[in-house]
Amino acid sequence: MIETRDNEYRAYFTVTGEFDPASITEQIGLEPTSSWKKGDRNERTHLERKFSRWSLDSRLDKFASLEAHITDVLEQLKPNAGQVKQVLKLDDGGIQLVGWFYKDYPGLHFEKDLVAGLAELELSVDFDFYYMYSDAREDS
Numbered sequence: 007m008i009e010t011r012d013n014e015y016r017a018y019f020t021v022t023g024e025f026d027p028a029s030i031t032e033q034i035g036l037e038p039t040s041s042w043k044k045g046d047r048n049e050r051t052h053l054e055r056k057f058s059r060w061s062l063d064s065r066l067d068k069f070a071s072l073e074a075h076i077t078d079v080l081e082q083l084k085p086n087a088g089q090v091k092q093v094l095k096l097d098d099g100g101i102q103l104v105g106w107f108y109k110d111y112p113g114l115h116f117e118k119d120l121v122a123g124l125a126e127l128e129l130s131v132d133f134d135f136y137y138m139y140s141d142a143r144e145d146s
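If you're matching positions, the sequence shown starts at 7 in the working numbering and goes up one per residue.
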């Protein structure tokens, strides 16, 4: 019997636009998990980046729930809420959620506190979900 992998999750705050990532770091007061500048070379594709990006990932492991990942990102941003909102007035940004579903889709539920945290920082949320499982039987 083939063993199915556990679902994996990721959440991160990201800002995109035309800026020097160091300026976002200075404005928000946090070090990014990853960043690049427009014109930098993408090591995977070897193409020039078409925009700048600054991202702050959840600190949780990939098996924690999406809700827990979002909460962790918000906890990192909350002390700098004013600066985050100021940055988002000039550049695009928000929370990115990524789920790789190997077993099943577990659903997604935002408690009031989580919704309030997103609203306090005026964050949009983008969902990228990948269904890695199949309902097809192996013997069919």
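No residue lacks a Cβ here, since even glycine has one placed at the ideal position from N, Cα and C.
Exercise for the section: Could you tell me which residues DSSP puts in a beta bridge with Y3? Expected result: Any property of residue 3 remains undetermined from this structure, which presents the chain solely from 7 to 146.
Exercise for the section: Consult DSSP for T10 and reduce its assignment to one of helix, strand or coil. Expected result: Taking the sequence shown and counting its residues from 1, the one referred to as residue 10 is at position 4. Looking at T10 - three-state DSSP - the assignment turns out to be coil, as it is neither helix nor strand.
Practice task
Let me know if T51 comes out buried or exposed under the rule of 16 or more other beta-carbons within 10 Å of its beta-carbon.
Solution key: Working through the sequence shown from its first residue, we reach residue 51 at position 45. Classification of T51: exposed, given that the 10 Å Cβ count is below 16.
Practice task
Mind the definition here: the stretch 34-41 touches the stretch 88-99 only if three or more C-beta pairs lie below 8 Å; say whether that holds.
Solution key: yes
Handout entry: the stretch 53-60 / the stretch 113-120 touching (three or more Cβ pairs under 8 Å)
Key = no
Problem - Continuous beta strand (DSSP E) stretch holding S41: start and end - result: In the sequence shown, the residue the question calls residue 41 occupies position 35. S40 to W42 is the extent of the beta strand (DSSP E) around S41.
Handout entry: Backbone secondary structure at L96 - three-state DSSP
Key = Numbered from its first residue, the sequence shown carries residue 96 at position 90. Residue state, collapsed to three classes: helix.
Practice task
Measuring alpha carbon to alpha carbon, tell me which of T77, W42 and D46 ends up nearest S61.
Solution key: Reading the sequence shown from its first residue, position 55 is the one you call residue 61. Looking at the Cα atoms, W42 is the closest of the given residues.
Handout entry: For D26 and H75, the rounded distance between their alpha carbons
Key = The residue you call residue 75 lines up with position 69 of the sequence shown. The residue you call residue 26 lines up with position 20 of the sequence shown. One C-alpha to the other measures close to 27 Å.
Handout entry: Boundaries of the beta strand (DSSP E) in which S61 is found, first to last residue
Key = Along the sequence shown, one-based indexing puts residue 61 at 55. Here the beta strand (DSSP E) through S61 covers S58 to D63.
Practice task
Keeping to the same chain, check which residues put their C-beta closer than 7 Å to that of E126; ignore five residues upstream and five downstream.
Solution key: For the purposes of this step, residue 126 is taken as residue 120 along the sequence shown, with counting starting at 1. A87, listed in sequence order.
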